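Taking my numbering, I'd label the letters of the sequence shown as residues 13 to 245. We put the beta carbon where it would ideally sit given N, CA and C, even for glycine. Quick caveat, the model's predicted, so the values are computed rather than measured. Below is one structure, written out as structure tokens, with a few remarks after it.
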Amino acid sequence: MGLQAVLWDMDGTLVDTEGLWSVTIQELAAHHGGELSAETREDLTGSSLTRTVRAVRAEVGLDPDDHDGVTRDGRWLTDRTAEVFGRGVPWRPGAREALAMVRASGLPTALVTSTYRELTEVALDTIGREFFHVTVCGDEVPATKPDPSPYRLATERLGVDPRASVAVEDSPTGTRSAVAAGATVLVVPAEVPVPAGKRRVLRESLVGLTLDDLRDVLRNGSGSDHRTRAVAR
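Take a look at the structure:
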């Protein structure tokens with residue numbers, strides 16, 4: 013089965029926003045007089061807004077199941093992060109060139125992110141909407157990553173077979189989501205390591221990525237454990 017589509021994660025994969033999220037999530041904890049542990053922040057890499065807010069509230073001694081409190085804190089975190097994103101989001105190495113290469117090839121592309129639509133639109137001011145045929149955000153699916161729903165919806169909207177799609181991810185959460193949806197994953201770790209496993213190929217950077225590389229990911233990654241290394245330029 014040939015390559016039918018490329019599915020891109022956003023935070024930590026295309027743009028270096030995980031570091032920005034670290035700042036604003038820590039600011040939310042400080043807003044409540046607390047501090048977020050490094051372990052909790054690592055666990056929240058690639059997580060949804062609601063899960064993030066609940067984890068912060070639990071860590072600072074607030075009720076994580078208080079619906080009104082979670083809603084208020086979610087609004088606070090969204091507004092603060094939008095302000096930070098609005099200053100521009102930094103690209104991950106090689107990401108813009110990789111996006112342009114895939115778009116020029118004519119392959120269907122999707123942005124698949126746990127970030128809510130409101131913030132994704134701010135980030136797209138930097139990234140460029142023209143790179144994607146479809147965008148799926150965290151508030152547009154019944155369950156977010158690591159659930160397979162985001163990647164399933166993306167492939168449905170593109171009209172492609174997920175088994176003929178390559179997802180590009182940076183986190184364990186996103187990788188599990190894509191694999192569960194049936195895609196093969198090109199993993200480029202950013203904030204946290206991602207273990208080798210079924211239907212995933214690890215690469216150090218998107219620098220120098222080619223269409224043949226993506227075809228190789230699909231061909232070589234399906235059904236086996238693989239780990240590849242590419243030197244970042």
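Subject >> Coil, strand or helix - threonine 222 by DSSP >> reply: coil
Original post:
Do valine 153 and leucine 165 have their C-beta atoms closer together than 8 Å?
Top reply: yes
**OP:** Please check if any C-beta of chain B sits within less than 8 Å of the C-beta of threonine 222.
**Re:** In the displayed structure, chain B is absent; only one protein chain is listed.
Original post:
Quick one: Cα of alanine 110 to Cα of alanine 42, how far?
Top reply: 37 Å
**OP:** Could you round the C-beta distance between threonine 185 and arginine 212 to whole angstroms and report it? I think they count as a contact, below 8 Å.
**Re:** About 13 Å separates the two Cβ atoms, so there is no contact after all.
Original post:
Going straight from the alpha carbon of alanine 190 to that of leucine 223, what length do you get?
Top reply: 19 Å
Original post:
For glycine 150 versus leucine 61, is the C-beta spacing smaller than 8 Å?
Top reply: yes
**OP:** Whole angstroms is fine: what's the gap from threonine 138's alpha carbon to leucine 198's?
**Re:** 23 Å
Subject >> Sequence-distant residues of its chain with Cβ nearer than 6 Å to alanine 155 (five each side left out) >> reply: Ser161
**OP:** Along the beta strand (DSSP E) that carries serine 177, what are the first and last residues, could you check?
**Re:** 177-181
**OP:** Going by DSSP, name the residue or residues bridged to aspartate 7.
**Re:** Summary: the structure shown does not reach residue 7, with the chain confined to residues 13 through 245, and so no result is reported for it.
Original post:
Short check: CB of arginine 175 to CB of leucine 15, under 8 Å?
Top reply: no
Subject >> Continuous alpha helix (DSSP H) assignments of at least 4 residues falling wholly in the segment 183-215 >> reply: 184-193
Subject >> Under the three-state DSSP convention, the category alanine 124 falls into >> reply: The displayed chain sequence assigns valine, not alanine, to residue 124. Strand.
Original post:
So, threonine 29 versus valine 101, is the Cβ gap smaller than 8 Å?
Top reply: yes
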